[in-house]
Amino acid sequence: MSGNLRTPERQAEGSVGATKTLSQKVWDAHVVHEEPGAPSLIYIDLHLVHEVTSPQAFQGLRDRGLKVRRPDLTIATTDHSIPTTDRSLPILDPIAANQVAQLDKNCKEFGITHYGVHSSHQGIVHVIGPELGLTQPGMTVVCGDSHTATHGAVGALAFGIGTSEVENVLASQCLLLRPSKTFRVHVTGSLKTGVSAKDIILALIAQIGIGGGTGTVLEYTGSAITSLDMEGRMTVCNMSIEGGARAGMIAPDDTTFQYLSGRQFAPKGAEWDAAVARWRKLPSDIDAKFDREVTINGDALEPMITWGTNPGMGVSINGAIPEPSSVSDPLERDALAKALTYMGLEGGKPLAGHAIDVVFIGSCTNSRISDLRSAASVLKGRKVNPNVRVMVVPGSMEVKRQAIAEGLPEIFRAAGCDYREPGCSMCIAMNGDQLQPGQYSVSTSNRNFEGRQGKGGRTFLASPMTAAASALTGVVTDVRTIL
Amino acid sequence: MKPFLPFESRLVPMPNNNIDTDQIIPARFLKTTSKDGLDKQLFCDWRYDAQGNPKPNFILNTPRGQNAEILLAGDNFGCGSSREHAPWALTQFGFRAVISTSFADIFKGNALKNSLLPIVVPQKIHDKLFALPEDARIKVDLASQTITLPDGERVEFPVDPFSKTCLLEGIDELGWILKQQSAIAAFEAKRVGSINTLVNA
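In the order they appear, the protein sequences are chains A and H.
Every letter in the first sequence is one number past the one before it in my numbering, and letter 90, counting from 1, is 90.
Here my numbering = 1-based position in the second sequence + 1000.
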């Protein structure tokens, strides 16, 4: 595109006052075809593939006699179904083993690079994308996975798709899409000690509800966002879908460029300089209009934790769980009562002090090196409560290598944690890493739906610091009390 | 895809708001590489006890839950993951439409690609549908974008015009996209390269 993310026509338009948001700029640069009565045909720059949502799509290609149009823009990894135990051992679950083998076979057949079980690049798809520099500002990125929103942290328009759409992208590198509305989330101030990116996003979802962002692309702005490192930004964008938004984005800035510089797939030399010059034009125009805006006071944020069965059911760590009797809408009251029954909790009381069985530190939300550092800083030189099983699952082989270089596995093991191999693990509990019925976890993952971490399991979502603090005490704990 | 024809059916009510895809089909069933056999796993953890026996009070285990083609659900149906296994399981069980006050974005898109019609109705109509007797039958007509209640009240619902055409005429979306090959090739010609050079073309 001659180094431009916007066509000359669009630039001319821009110069006469048509202001655009970040997501609109990325969208406009990817319109392949438009005609009356049909959605826009949008080009996809990067298609990430994993074993769970792709087999039926590859079969669809075979049934139609189609090829993958751009295997060079397609990258696969295996993350959901694989055990997080010793990688030299075979996968014992035959159904999972078949699914993993199927992805390998499909990638070979269709010429796609696959960072599989034994690859040094293997990891959770939303960890390896940014880590390898595959995900870049201004790109369109899709994956058959709702947490694709993560990649919006670098200023990409990134969203989850279903398997039919996976097939469409494999075959055509395009999707038929209607533009989303724009929703600015402005987080002011700066976070206090013990408060992290996870607490920002849990607070947002508690405020707008899990359907609050439906039909929109979120753009996170404000000093509490721009002062986050890239991995914190990924944590925020990752859970955009938990607020109902298919995508969440943060304007690229020097923090973004420093993070990407030198990564394997990032541009190099003169190409890098040209790319940065283009990327600097991506941020929303100063007077760009958003369809909706919300402001959060970052100075006032406390560590957050969820008490219920969806990610919007969250409170600050010392706040009280709502009481059904305080809710006027009968359906909402019933939903609250049902959630409390499932969770075995009483309304009106704080969650802090509640006994737990498991702590899970991992997932595409919080398994990056900064998350492990953050947990290790709390656990260093201490022992986890003997009644609590503490699992630490790095997000990728690269995170694992970096953790070793920093001596983190020793800290976790000395504290009594179970330090494992990279994968999605107990976030989605497909691979045998799961809660037993009735067990409580404090989990750094993204979903607390009924049974999400294992049938009958009960999940409290929180930050790595809160999870580590709770691991030490055996009860839900405000990390600030032990710092 | 078969054309989506008008039909009439009883309603299967599930009033809960925010029914997520982990409830529609739990993740442990996503290890399959096929689209088939998912009807047995639909709402599995609400439908069966720990021993695998049907829970008698769950709607799908009652006569009302059998042989009906419309699920009447609470707000924000299908939130959570992008798994297309959710609409596959619903359609294999026999559902052809879900009526709610709103749907999660990814679920709605997935449903439309699988001839499962997501029908959004206003709160007042939603309440009225839940209050109908068990044997009440609702007519669904996509061409006129209406549902008709037993008292004759016709309620219009929104649907994306392109999805509507695809459903009514049985048009396959990928087939339509592949007809735009020349536009795709022209777009690509402007941005030569692979992942590590794409944005530098």
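Cβ atoms here follow ideal geometry from the backbone N, Cα and C, with glycine treated the same way.
Three-state class that DSSP yields for residue i in the structure shown
| i | result |
| --- | --- |
| C364 (chain A) | coil |
| D28 (chain A) | helix |
| K1139 (chain H) | strand |
| T477 (chain A) | coil |
| I1177 (chain H) | helix |
| E398 (chain A) | helix |
| R1191 (chain H) | coil |
| M498 (chain A) | Lying outside 1 to 483, the shown extent of chain A, residue 498 (chain A) is not represented and no answer is given. |
Interface flag, residue i vs chain A, CB-CB below 8 Å
| i | result |
| --- | --- |
| E1084 (chain H) | yes |
| T1032 (chain H) | yes |
| D1049 (chain H) | no |
| R1028 (chain H) | yes |
| L1198 (chain H) | Low confidence applies to L1198 (chain H): its pLDDT is 47, below 50, so where it sits in the model is not reliable enough to give any reading. |
| K1113 (chain H) | yes |
| Q1092 (chain H) | no |
| S1102 (chain H) | yes |
| D1135 (chain H) | no |
| E1173 (chain H) | yes |
| P1158 (chain H) | no |
Rounded separation between residue i and residue j - CA only
| i | j | result |
| --- | --- | --- |
| P464 (chain A) | D371 (chain A) | 6 Å |
| L1090 (chain H) | C1044 (chain H) | 12 Å |
| R278 (chain A) | P137 (chain A) | 9 Å |
| A266 (chain A) | G133 (chain A) | 5 Å |
| T135 (chain A) | A76 (chain A) | 14 Å |
| M391 (chain A) | S445 (chain A) | 12 Å |
| T214 (chain A) | S88 (chain A) | 43 Å |
| E219 (chain A) | R1096 (chain H) | 36 Å |
| Y1048 (chain H) | R447 (chain A) | 22 Å |
| G312 (chain A) | A171 (chain A) | 37 Å |
| V166 (chain A) | G129 (chain A) | 17 Å |
| S1194 (chain H) | D72 (chain A) | Note that S1194 (chain H) scores 48 on pLDDT, short of 50, meaning its location in the model is unreliable and no value can be drawn from it. |
| L435 (chain A) | A355 (chain A) | 15 Å |
| T235 (chain A) | N366 (chain A) | 6 Å |
| D1141 (chain H) | R62 (chain A) | 34 Å |
| L488 (chain A) | R373 (chain A) | The structure shown does not extend to residue 488 (chain A), since chain A is modelled only from 1 through 483, so no value can be given for it. |
| V68 (chain A) | T148 (chain A) | 21 Å |
| T182 (chain A) | T21 (chain A) | 8 Å |
| N1110 (chain H) | K383 (chain A) | 47 Å |
Cβ of residue i within 8 Å of any chain H Cβ
| i | result |
| --- | --- |
| H186 (chain A) | no |
| D63 (chain A) | no |
| Y342 (chain A) | no |
| I112 (chain A) | no |
| V141 (chain A) | no |
| S363 (chain A) | no |
| G423 (chain A) | no |
| N168 (chain A) | yes |
| R333 (chain A) | no |
| V52 (chain A) | yes |
| S172 (chain A) | yes |
Burial state of residue i (16 or more Cβ within 10 Å)
| i | result |
| --- | --- |
| Q56 (chain A) | buried |
| A405 (chain A) | exposed |
| S196 (chain A) | buried |
| D291 (chain A) | exposed |
| A1143 (chain H) | exposed |
| S1082 (chain H) | buried |
| A270 (chain A) | exposed |
| H118 (chain A) | exposed |
| Q453 (chain A) | buried |
| G111 (chain A) | exposed |
| Q1023 (chain H) | buried |
| P83 (chain A) | buried |
Closest Cα partner of residue i within the set the options
| i | options | result |
| --- | --- | --- |
| I250 (chain A) | A:I482, A:V479, A:Q24, A:T481 | A:Q24 |
| N1067 (chain H) | H:I1025, H:G1037, H:V1012, H:D1127 | H:V1012 |
| G152 (chain A) | A:R458, A:D253, A:R69, A:K383 | A:D253 |
| A300 (chain A) | A:N98, A:V294, A:S164, A:L191 | A:L191 |
| K1040 (chain H) | H:I1019, H:F1004, H:Q1092, H:K1055 | H:Q1092 |
| L157 (chain A) | A:C143, A:T163, A:N168, A:G456 | A:C143 |
| D1151 (chain H) | H:I1070, H:L1178, H:Q1123, H:L1132 | H:L1132 |
| P1003 (chain H) | H:G1074, H:I1171, H:S1182 | H:I1171 |
| S223 (chain A) | A:G298, A:V217, A:I210 | A:G298 |
| G212 (chain A) | A:T221, A:I200, A:I241, A:L228 | A:I241 |
| T140 (chain A) | A:K105, A:D273, A:D79, A:V32 | A:V32 |
| Q1123 (chain H) | H:N1076, H:S1115, H:E1134 | H:N1076 |
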